[in-house]
Amino acid sequence: MDPGFRRLALRRARRECIATGKNYGELALKYRVSYQQVRTWTIRFEQMGEAGLQDRRGQRKKDQTPRTELEQAQIEIEQLKHKLYLAEMENALLKKLDEIERRDVSQK
Numbered sequence: 030m031d032p033g034f035r036r037l038a039l040r041r042a043r044r045e046c047i048a049t050g051k052n053y054g055e056l057a058l059k060y061r062v063s064y065q066q067v068r069t070w071t072i073r074f075e076q077m078g079e080a081g082l083q084d085r086r087g088q089r090k091k092d093q094t095p096r097t098e099l100e101q102a103q104i105e106i107e108q109l110k111h112k113l114y115l116a117e118m119e120n121a122l123l124k125k126l127d128e129i130e131r132r133d134v135s136q137k
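Basically my numbering = 1-based index in the sequence shown + 29.
Given below as structure tokens:
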């Protein structure tokens, strides 16, 4: 879907959906999107306002400004898990390298 069309459809569908009492099916046909898409847009807007409707394809959640302390804690936990994973991978690589160097020295 064209990004310009998507933004326009989002704005219009959001306004009409709230004004018409959330008739998702009718709006889905009108804007040539799925029923589920209109419903998702409306729910996101109700929960998070305009920020919930931003096009975040290709972006990670950690880059998004946290909305609650719980989300901030979850993001920090994921970042720490990732750091731990990288450290474990580096440690395993260094062990393997040390093993290979010892084997090469003993064969010479």
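Where a beta carbon is used, it is the ideal one built from N, C-alpha and C, also for glycine.
Close Cβ partners of residue i (< 7 Å) along its chain, the five nearest in sequence each way excluded
i, result
"E75", "none"
"I72", "none"
"E45", "L56"
"A121", "none"
Contacting residues, own chain, Cβ-Cβ under 6 Å from residue i (five flanking each side not counted)
i, result
"Y53", "Y64, V67, R68"
Residues near residue i in its chain [Cβ-Cβ closer than 8 Å; skip 5 each side]
i, result
"R132", "none"
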